[in-house]
Amino acid sequence: MGCFIDRCRKVMDDMELGIVKKKDGDLYSAFTIRSMRSNIRVVQSFVVATRGVLRMKDVNKELVADFHQFLLDKNLAKNTISGRLNGLRFWIRRFCGEKLLDYCGERGKYPMEITTAIALSIEELRTLYI
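Residue numbers for the sequence shown follow our numbering, beginning at 1221 and rising by one.
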């Protein structure tokens, strides 16, 4: 079946070339692909630190739980952890749909922190800088 990380990289290369598209037929944006590559690098560092290699048949619920703990141990923000886990879940769902994995992932969402965005009006900016 091959290496999970290598397969992810191959699909991302095909996304950049426009060979692999979204379900609606649109191309993946450069930002999305860059984000996916960043996420896979984190998965790769986890694999190197804990398993050495990640074969498709080794992707399971325990792997996701171990990856979650790996991220928690790094003291990352909840939103970062949630994003990294969702990135891994994207690949699991994709490869499950292609019948490359037996494990299809969990349905639940990972908790995120509530953040507040504050924007200043033009008048408030003028007051600050004039």
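We treat Cβ as the ideally placed atom computed from N, Cα and C, and that holds for glycine.
Margin query: Using 8 Å as the threshold, is the C-beta distance between L1283 and C1223 below it?
Written below: Inclusion of L1283 and C1223 in the CB contact set at 8 Å is not warranted, their separation being larger than that value.
Check: Leaving out the 5 sequence neighbours to the left and right, which residues in its chain are closer than 7 Å to M1256 when beta-carbon positions are compared?
Finding: If we look at M1256 and ignore the five residues flanking it on each side, its Cβ neighbours are M1232 and G1307.
Check: Where C1324 and S1258 are concerned, what is the direct C-alpha to C-alpha distance, given to the nearest angstrom?
Finding: In a straight line, the C-alpha of C1324 is about 22 Å away from that of S1258.
Item checked: Endpoints, the alpha helix (DSSP H) within which S1255 is located -> DSSP places S1255 inside the alpha helix (DSSP H), whose first and last residues are A1250 to T1270.
Note to self: Is the beta carbon of F1266 closer than 8 Å to that of F1287?
What the structure shows: Going by C-beta atoms, F1287 is nearer than 8 Å to F1266.
Margin query: Suppose you measure from the CA of L1348 to the CA of A1339; what does that come to, to the nearest Å?
Written below: Going from the Cα of L1348 to the Cα of A1339 covers about 13 Å.
Next item on the list: Rounded to whole angstroms, what's the CA-CA distance from R1229 to A1337? Just pull it up for me.
Entry: In a straight line, the C-alpha of R1229 is about 34 Å away from that of A1337.
Next item on the list: Classify C1324 as helix, strand or coil using the three-state DSSP reduction.
Entry: Note: C1324 maps to coil in three-state DSSP.
Check: Which value, in whole angstroms, describes the spacing of the CA atoms of L1305 and I1350?
Finding: Their backbone Cα atoms lie some 45 Å apart in a straight line.
Checklist line | Local Cβ density within 10 Å of L1321, reported as buried at 16 or more and exposed below that | finding: The residue in question, L1321, is buried, as its Cβ has 16 or more Cβ neighbours within 10 Å.
Checklist line | With 16 other Cβ atoms within 10 Å as the buried cut-off, status of R1227 | finding: With a 10 Å radius around the Cβ and a threshold of 16 neighbouring Cβ atoms, R1227 comes out buried.
Next item on the list: Excluding the 5 residues preceding and the 5 following V1279 in the sequence, name in chain order all residues of the same chain whose CB lies nearer than 7 Å to its CB.
Entry: So the list reads F1224, I1312, L1321 and Y1323, once near-sequence residues are dropped.
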